[in-house]
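Residue numbers (my numbering): 379 to 581. Quick reminder that beta carbons are idealized off the backbone N, C-alpha and C, glycines included. Model, not experiment: these values are computed from the prediction. One structure below.
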């Protein structure tokens with residue numbers, strides 16, 4: 379209880395508080411003035427030292443377990459540890475749209491042949507797309523190494539390799555991790571609308 383007025387009321391209604399105050403009635407003015415005084419500041423610091431020393435003597439804490447530097451440890455039990463089904467479905471749908479566009483691009487570049495668009499939208503399908511793209515990059519590198527260094531108007535193979543390298547990087551660093559994350563989340567939901575990151579059984 380932080381409010382001076384509430385503490386004043388507790389001194390009249392709450393038995394443990396009445397015992398602590400030796401049945402004295404103390405106004406909220408007196409309580410608030412005491413709390414903001416230099417005297418209270420010194421007393422609280424002394425009490426802290428005595429209390430922690432007592433805990434150490436009783437073996438309840440170790441010396442290195444006392445923090446007075448403002449250390450804060452965040453609890454796991456807050457609303458930001460939850461994963462929401464609607465959000466996952468929304469982001470997964472957007473990812474599938476981006477994958478469809480990339481799939482069409484790889485079909486046009488003749489990198490992918492024996493894979494459907496639906497297969498490409500899974501994390502396993504994306505892994506195969508990445509492997510096929512990287513193989514094509516290796517083939518182009520071999521072709522480039524066999525040709526003369528300077529080609530009038532620039533090398534088409536070099537331009538294609540640059541584009542495929544970007545696609546492979548996007549697949550590895552963005553699309554595949556996201557697809558795995560969304561698929562795993564959808565499995566954990568198991569028909570529910572949310573789950574906690576720290577306790578998958580909690581909703």
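- Between the C-alpha atoms of residue 405 and residue 435 there is a straight-line separation of about 37 Å.
- Taking C-beta atoms as the reference points, residue 504 and residue 557 count as a pair closer than 8 Å.
- Residue state for residue 379 is assigned as coil, using DSSP reduced to three classes.
- In this structure residue 499 is in contact with residue 477, their Cβ atoms being roughly 5 Å apart against a cut-off of 8 Å.
- Pairing residue 385 with residue 431, the inter-Cα distance amounts to about 28 Å.
- Scanning its chain for C-beta atoms nearer than 6 Å, with the 5 sequence neighbours on each side dropped, one finds around residue 388 the residues 395, in chain order.
- With fewer than three CB-CB distances shorter than 8 Å, the region 573-580 does not count as touching the region 532-551.
- When rounded, the separation of the alpha-carbon atoms in residue 513 and residue 441 is 59 Å.
- Taking the Cα positions, residue 473 is about 30 Å away from residue 534.
- Shortest Cα-Cα distance from residue 570 to any of 553, 481 and 466 involves 466.
- As summarised for the region 396-450, the continuous alpha helix (DSSP H) elements at least 4 residues long and confined to that stretch are 406-413 and 416-435, given in chain order.
- Beta-carbon to beta-carbon, residue 382 and residue 409 are separated by about 4 Å, close enough to satisfy the 8 Å threshold.
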